[in-house]
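There are 4 protein chains.
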Amino acid sequence: MLDHPEVSPSAQTEIALIVGAGPGISASCARLLAANGFQVAIAARTATKPVMLELAKHAAIHCYSCDAGNAAEVEQLFAAVTADLGAPTLVIHNIDGRSAGIFRKGVAEADADLVLDTLVNSALSAFNVAQQAARSMRGRDLPESGHRGTVIFTNASATLKGFAKSAAFAMACQAKTGLAQSMARELMPEGIHVAQVIIDAAVGVPQADGSRKHWAAGVTKDDNMADPDQIAQVYLQLHQQHRSTWAFEVALRPWNEKW
Amino acid sequence: MLDHPEVSPSAQTEIALIVGAGPGISASCARLLAANGFQVAIAARTATKPVMLELAKHAAIHCYSCDAGNAAEVEQLFAAVTADLGAPTLVIHNIDGRSAGIFRKGVAEADADLVLDTLVNSALSAFNVAQQAARSMRGRDLPESGHRGTVIFTNASATLKGFAKSAAFAMACQAKTGLAQSMARELMPEGIHVAQVIIDAAVGVPQADGSRKHWAAGVTKDDNMADPDQIAQVYLQLHQQHRSTWAFEVALRPWNEKW
Amino acid sequence: MLDHPEVSPSAQTEIALIVGAGPGISASCARLLAANGFQVAIAARTATKPVMLELAKHAAIHCYSCDAGNAAEVEQLFAAVTADLGAPTLVIHNIDGRSAGIFRKGVAEADADLVLDTLVNSALSAFNVAQQAARSMRGRDLPESGHRGTVIFTNASATLKGFAKSAAFAMACQAKTGLAQSMARELMPEGIHVAQVIIDAAVGVPQADGSRKHWAAGVTKDDNMADPDQIAQVYLQLHQQHRSTWAFEVALRPWNEKW
Amino acid sequence: MLDHPEVSPSAQTEIALIVGAGPGISASCARLLAANGFQVAIAARTATKPVMLELAKHAAIHCYSCDAGNAAEVEQLFAAVTADLGAPTLVIHNIDGRSAGIFRKGVAEADADLVLDTLVNSALSAFNVAQQAARSMRGRDLPESGHRGTVIFTNASATLKGFAKSAAFAMACQAKTGLAQSMARELMPEGIHVAQVIIDAAVGVPQADGSRKHWAAGVTKDDNMADPDQIAQVYLQLHQQHRSTWAFEVALRPWNEKW
Numbered sequence: 001m002l003d004h005p006e007v008s009p010s011a012q013t014e015i016a017l018i019v020g021a022g023p024g025i026s027a028s029c030a031r032l033l034a035a036n037g038f039q040v041a042i043a044a045r046t047a048t049k050p051v052m053l054e055l056a057k058h059a060a061i062h063c064y065s066c067d068a069g070n071a072a073e074v075e076q077l078f079a080a081v082t083a084d085l086g087a088p089t090l091v092i093h094n095i096d097g098r099s100a101g102i103f104r105k106g107v108a109e110a111d112a113d114l115v116l117d118t119l120v121n122s123a124l125s126a127f128n129v130a131q132q133a134a135r136s137m138r139g140r141d142l143p144e145s146g147h148r149g150t151v152i153f154t155n156a157s158a159t160l161k162g163f164a165k166s167a168a169f170a171m172a173c174q175a176k177t178g179l180a181q182s183m184a185r186e187l188m189p190e191g192i193h194v195a196q197v198i199i200d201a202a203v204g205v206p207q208a209d210g211s212r213k214h215w216a217a218g219v220t221k222d223d224n225m226a227d228p229d230q231i232a233q234v235y236l237q238l239h240q241q242h243r244s245t246w247a248f249e250v251a252l253r254p255w256n257e258k259w
Numbered sequence: 001m002l003d004h005p006e007v008s009p010s011a012q013t014e015i016a017l018i019v020g021a022g023p024g025i026s027a028s029c030a031r032l033l034a035a036n037g038f039q040v041a042i043a044a045r046t047a048t049k050p051v052m053l054e055l056a057k058h059a060a061i062h063c064y065s066c067d068a069g070n071a072a073e074v075e076q077l078f079a080a081v082t083a084d085l086g087a088p089t090l091v092i093h094n095i096d097g098r099s100a101g102i103f104r105k106g107v108a109e110a111d112a113d114l115v116l117d118t119l120v121n122s123a124l125s126a127f128n129v130a131q132q133a134a135r136s137m138r139g140r141d142l143p144e145s146g147h148r149g150t151v152i153f154t155n156a157s158a159t160l161k162g163f164a165k166s167a168a169f170a171m172a173c174q175a176k177t178g179l180a181q182s183m184a185r186e187l188m189p190e191g192i193h194v195a196q197v198i199i200d201a202a203v204g205v206p207q208a209d210g211s212r213k214h215w216a217a218g219v220t221k222d223d224n225m226a227d228p229d230q231i232a233q234v235y236l237q238l239h240q241q242h243r244s245t246w247a248f249e250v251a252l253r254p255w256n257e258k259w
Numbered sequence: 001m002l003d004h005p006e007v008s009p010s011a012q013t014e015i016a017l018i019v020g021a022g023p024g025i026s027a028s029c030a031r032l033l034a035a036n037g038f039q040v041a042i043a044a045r046t047a048t049k050p051v052m053l054e055l056a057k058h059a060a061i062h063c064y065s066c067d068a069g070n071a072a073e074v075e076q077l078f079a080a081v082t083a084d085l086g087a088p089t090l091v092i093h094n095i096d097g098r099s100a101g102i103f104r105k106g107v108a109e110a111d112a113d114l115v116l117d118t119l120v121n122s123a124l125s126a127f128n129v130a131q132q133a134a135r136s137m138r139g140r141d142l143p144e145s146g147h148r149g150t151v152i153f154t155n156a157s158a159t160l161k162g163f164a165k166s167a168a169f170a171m172a173c174q175a176k177t178g179l180a181q182s183m184a185r186e187l188m189p190e191g192i193h194v195a196q197v198i199i200d201a202a203v204g205v206p207q208a209d210g211s212r213k214h215w216a217a218g219v220t221k222d223d224n225m226a227d228p229d230q231i232a233q234v235y236l237q238l239h240q241q242h243r244s245t246w247a248f249e250v251a252l253r254p255w256n257e258k259w
Numbered sequence: 001m002l003d004h005p006e007v008s009p010s011a012q013t014e015i016a017l018i019v020g021a022g023p024g025i026s027a028s029c030a031r032l033l034a035a036n037g038f039q040v041a042i043a044a045r046t047a048t049k050p051v052m053l054e055l056a057k058h059a060a061i062h063c064y065s066c067d068a069g070n071a072a073e074v075e076q077l078f079a080a081v082t083a084d085l086g087a088p089t090l091v092i093h094n095i096d097g098r099s100a101g102i103f104r105k106g107v108a109e110a111d112a113d114l115v116l117d118t119l120v121n122s123a124l125s126a127f128n129v130a131q132q133a134a135r136s137m138r139g140r141d142l143p144e145s146g147h148r149g150t151v152i153f154t155n156a157s158a159t160l161k162g163f164a165k166s167a168a169f170a171m172a173c174q175a176k177t178g179l180a181q182s183m184a185r186e187l188m189p190e191g192i193h194v195a196q197v198i199i200d201a202a203v204g205v206p207q208a209d210g211s212r213k214h215w216a217a218g219v220t221k222d223d224n225m226a227d228p229d230q231i232a233q234v235y236l237q238l239h240q241q242h243r244s245t246w247a248f249e250v251a252l253r254p255w256n257e258k259w
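Protein chains in written order, with the numbering used here: chain C, 1 to 259; chain G, 1 to 259; chain S, 1 to 259; chain X, 1 to 259.
What follows is the structure in structure tokens.
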């Protein structure tokens, strides 16, 4: 933990761990969870990137450094968060992990090393996070609610459909779905809620002038990009679901999206 | 409207219409929506059945009689609700519609007339309700939110997978999904949120002693039946989603369900 | 049977029954099966339509009249075919059944009576045919191959995805998929192979000049419409599959189709 | 090429390349294709394993050594096969790639290194093969049929559904599906048929006494394991499909399989 060492973990406070940090979904989740009384740990490869420094100003948000494709680093992350704040009951994996070098490259053109990087940074990192979450949550006494904790994976349109010139990303996204499905079937009967949220849209990060901006799709003033603050509400609602009625998968898209 | 003729519709109050009335999801939705400030119309073939009489005691819940498989009756229902309460902005179709006579009958044994009854009572009734909702919501001025209203279909496991000895029900459920998908693609760009909630479980109606009871699966004291009060929360959350992030489909199942 | 009364059924000859008759898939299947030694019965509402008269010129193809939405007529059809030719071991349901009046009509505009007609002519007719096939094939002694017979449903893109302004057709197509899934799970363990072939394309009927023509998509000289003679090969291959390796579903589309 | 150096490639002969070699699907495909006039190259990590030595006795089957998880080795394999036999027009990727060490391991127990091995050996090897096939087939002049070649991926039940205690395998299988979907959408419009065959069953290798044997499921005398000779027929049929009617996916399962 790079900040706020004075936090004293409490049995009453819920701990969330968000792995992956961008100005979109991760930042919105961190703020929403903090506003709802969570102590929030957020981890990125570079803990000093601007969005992290901005989030770290919030008393309930704590920034960590972690390369999630590395199993040992993820183990250390969970150990550090648990020592600093307590064991997380909500874990969110929100890493795209796509190598810039394979963006819109055809099967014949993509570099196999970058395909592997994408698999490691996106799908294997999800496995690493899932594994530590499973170990940690299994170790908890079963609360009266029967709900030991929640693990949520963010996923993309490419898991619904592998698009042309997007093979590596489709491989990573669908691998992540395979993990989420398998983990849900294994761990839900143990009281661990596993879910994935598919963002079938560009996520538009709010700008100062009220517009939204997406790294690839540009700027819009309309509602045709997913608002990350709205997405964050769904993550919180999933975590709050009663174990008699758990959703495994929710796909979110704007009103005017083609699908 | 069979009750509470004194309601004076208000621009500020939201109107919900629930078609289909059992002691499970419909009753839970009616109570939750009423508790959240909605005026609620609820319609069943027999408006005097016990659950309806019980719901009608609530000042904000209003009971109507309608055979939803009959297009003319559905048109009259919407006209009556609109006249009595105002145009609904949330419409829920929650009719199973399965003929008792085809329950667990094989393809060789089922009666074709009952297969047709099931298609009419379940899938065609969904179309009838969808059509009136589309007409009514399209007629509204577009509010600042860009969200003219929400139509939610309840669906069952059989839409995910057609089980043996369940052909007629699988036909009706999957037909309903076809309707919902087509309607979503048509009407979401006009500001109408279309969604379906798949209950991949038995719905357990709470009993006086704290147990839950399902018409076919019997009684349980555990959380292995879906709690209709929890399901109702999802319907309300879907209606409250911002149009930048609409979910089309959510499947709910208990922690220990096989799937 | 309207023709060739001299046929003497033989234990060695396979009997196929095709319900639905157009110049595309049904005609191609009839010709291919006849060329492969089957006695072929083909049924349409109007047994005297041009394609039927043309097919009836083939000694091994026999035309019948049947409104497949009517359970009693389908029962009579199977009785007549069995009496004339023998019990069919390959049954193909190839009825689109869409009412012209609901083509490209939105949910608000479509006529509920035509939606019901579409459900009856497409999905209920599939049930009627499936039921008679199940009864007939179950009655056969189990051959050494363990394969009592094959039932194949033709289906359309709308079962993969409900498109805008296509609600009734999506309902009917997905209902048919529900039937096929349920029936496969029920009857495959009894040695009856159930399959559906999804034509994710326009079917182009060969014209005299080598072009292909589709009722709605027009004429093409390219391979961008599905060739019904090629489709028919898949039906025959499905029927010939060994019971250790049965395919339930095959979707066929041209090389340049968007999907 | 480790055998038969005397082969003289001919424009008329079709060349098939099978990557992955076990006694099941690969061996059956090799024999069937050879019997149908193909020159067949088959590659495995260990070209001297018993099944390879057995296959190499056939004059039209040629064995190669290749670690398909290594992009450079796959490039060399295609170069060698092309030099020896000619450019392949049918490429089959048939590698399971699952590390024995993660078999039936839960998410908490599996070793992250073995998860990565599984992704590399199964999904990345599929990418490597797909890439070389795309480069090679694209380089061909378009034949009159418009069909430059076929790439077929073998896949498993885990791509349809991620089972408990099978996360790594589900990840690899679903990644492979993402690759196949993306590649099909990219390359089918260029005349390259991309397909995947899902074996939703144990593959039973024929034994001398007429029984079948599966490495994990044991021995059976019934038809409840998929017969690899039957599976091979489907691969050949897929390759022979006309480009107006290409199937992307076929799942095969025995008559009595639960699904």
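All C-beta atoms in this analysis are idealised placements derived from N, C-alpha and C, irrespective of residue type, glycine included.
Computed from a predicted model, the values in this text were never measured in an experiment.
Buried versus exposed, by CB contacts within 10 Å (16 or more), residue i
i          : result
Gln-207(C) : exposed
Arg-243(G) : buried
Lys-176(X) : buried
Thr-154(C) : buried
Asp-223(S) : buried
Arg-104(G) : exposed
Asp-141(C) : exposed
Euclidean distance between Cα positions of residue i and residue j
i          : j          : result
His-93(G)  : Gln-12(S)  : 53 angstroms
Gln-196(S) : Glu-54(G)  : 47 angstroms
Ala-164(S) : Ile-231(S) : 27 angstroms
Gly-261(G) : Asp-229(G) : The shown model of chain G, from 1 to 259, leaves out residue 261(G), and the question about it has no answer.
Ala-172(G) : Trp-255(S) : 33 angstroms
His-239(G) : Thr-118(C) : 36 angstroms
Ile-198(S) : Ala-59(G)  : 51 angstroms
Leu-33(C)  : Ile-152(C) : 14 angstroms
Ala-71(C)  : Arg-98(C)  : 18 angstroms
Contacts that residue i makes with chain X (C-beta to C-beta distance below 7 angstroms)
i          : result
Thr-177(C) : Gln-174
Gln-181(C) : Lys-161, Gly-162, Ala-170
Under 8 angstroms from the C-beta of residue i: neighbouring residues of chain G
i          : result
Met-225(C) : Ser-244
Residues that residue i contacts on chain G, provided the C-beta gap is smaller than 7 angstroms
i          : result
Gly-191(C) : Trp-255
Gln-12(C)  : Near Gln-12(C) there are no residues of chain G at all, since even the closest Cβ is about 23 angstroms away, more than 7 angstroms.
Proximal residues of chain S, C-beta to C-beta of residue i below 8 angstroms
i          : result
Gln-196(G) : Near Gln-196(G) there are no residues of chain S at all, since even the closest Cβ is about 11 angstroms away, more than 8 angstroms.
Partner residues on chain S for residue i, Cβ-Cβ distance less than 9 angstroms
i          : result
Leu-187(G) : Gly-106, Val-107, Ala-108, Ala-164
Within chain X, the residues that residue i reaches when beta carbons sit closer than 8 angstroms
i         : result
Ala-71(C) : Ala-112, Asp-113
Query raised in the report: Does the stretch 151-169 of chain X come close enough to the stretch 208-226 of chain X to have 3 or more Cβ pairs within less than 8 angstroms?
Result: no
**Report entry** Where the stretch 112-123 of chain X meets chain C: residues whose CB sits under 9 angstroms from a CB there
**Finding:** Ala-112, Asp-113, Val-115, Leu-116, Leu-119, Val-120, Ala-123
Requested in this report: Below 8 angstroms between beta carbons is the criterion; list the residues of the stretch 36-59 of chain S that meet it against any residue of chain X, in chain order.
Outcome: none
Requested in this report: Check each residue of the stretch 152-172 of chain C: if its Cβ is closer than 9 angstroms to any Cβ of chain X, include it; give the result in chain order.
Outcome: Ala-158, Thr-159, Lys-161, Gly-162, Phe-163, Ala-164, Lys-165, Ser-166, Ala-167, Ala-168, Phe-169, Ala-170, Met-171, Ala-172
**Report entry** the stretch 236-254 of chain C touching the stretch 63-80 of chain G, judged by at least three CB pairs closer than 8 angstroms
**Finding:** no
Query - chain C contacts made by the stretch 125-139 of chain X, where a contact means CB separation under 7 angstroms - result: Phe-127, Asn-128, Ala-130, Gln-131, Ala-134, Arg-135, Arg-138
Query raised in the report: Can we say the stretch 186-205 of chain S touches the stretch 114-129 of chain S, given the rule of at least three CB pairs closer than 8 angstroms?
Result: no
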